[in-house]
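Report on one structure; see the data block that follows.
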Amino acid sequence: MASTTLTARFNQSVTKEALRSYLAEFISTFFYVFAVVGSAMASKKLSPDAASNTSSLVVAAIANVFALSSTVYIAANISGGHVNPAVTFAKAVSGHITVPTALFYWVSQMLASVMASLLLRVTAIGQNIPAYTIAQEMTGFGASLLEGVLTFALVYTVYAA
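Quick note on the numbering used here: the sequence shown kicks off at 1 and runs consecutively.
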């Protein structure tokens with residue numbers, strides 16, 4: 001019964017193996033964000049109307065798929081290859097990881113995202129980080145619903161694998 005206390009769960013979250021998994025999550029999330037945002041920056045540089053150009057969107061989507069699959073593969077044996085905070089949340093809710101471990105994963109993922117964006121900002125001087133937006137015809141509710149469905153599909157894929 002003592003292993004279910006918050007202190008015991010926290011102590012399990014700061015072991016050498018746990019710190020190794022947080023580092024793996026940091027590295028994989030860093031490379032994922034770097035590849036995805038970098039590909040969006042490159043497509044915007046190559047095509048000024050990248051946000052509305054279908055081929056630029058396809059290139060960004062393909063880069064997203066390759067980046068996600070490779071970073072998950074890199075970290076799968078060490079940290080589980082969450083890469084996305086939604087996957088970490090699902091693992092915590094389902095009891096596969098403890099809440100303190102999920103918090104450390106989230107910190108690793110957020111820091112990695114910020115560091116990758118900062119590195120891109122420094123290396124691509126004078127170029128803004130592009131933002132893809134929802135279609136003008138889509139409402140905020142529709143965009144939220146679409147994001148929820150796609151996030152569910154990602155988490156479902158992780159659990160099915």
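Where a beta carbon is used, it is the ideal one built from N, C-alpha and C, also for glycine.
Cβ neighbours of THR98 within its own chain (closer than 7 Å, five residues either side excluded): ARG9, GLN12, SER13. For LEU68, same chain residues with a beta-carbon under 7 Å away, outside a window of 5 residues either side, are TYR32, VAL83 in chain order.
With respect to PHE66, ALA116 sits apart: the two C-beta atoms are not nearer than 7 Å.
Within the same chain, MET41 come within 7 Å of ALA124 by CB-CB distance, once the 5 residues on both sides are set aside.
DSSP places ILE62 inside the alpha helix (DSSP H), whose first and last residues are 54 to 75.
For VAL99, the uninterrupted alpha helix (DSSP H) run begins and ends at 99 to 123, by DSSP.
Going by C-alpha positions, ALA90 is about 12 Å away from TRP106. A Cβ-Cβ separation of about 36 Å leaves TYR22 out of contact with PHE141 under the 8 Å criterion.
Taken atom to atom, the span from the alpha-carbon of GLY126 to that of PHE30 is near 22 Å. For MET138, there is no enclosing alpha helix (DSSP H), as DSSP marks it with neither H nor E.
For VAL93 and VAL87, the gap between their C-alpha atoms comes out near 10 Å.
Sequence-distant Cβ neighbours of VAL155 in its own chain, meaning closer than 7 Å and more than five residues away, are ALA86, VAL87, ALA90. Remark: C-beta atoms of ALA24 and SER70 do not approach each other more closely than 7 Å. For GLY81, there is no enclosing alpha helix (DSSP H), since its DSSP letter is neither H nor E. Counting other Cβ atoms within 10 Å of its Cβ, SER144 stays below 16 and is therefore classed as exposed. Just so you know, the alpha carbons of LEU57 and LEU6 end up roughly 45 Å apart.
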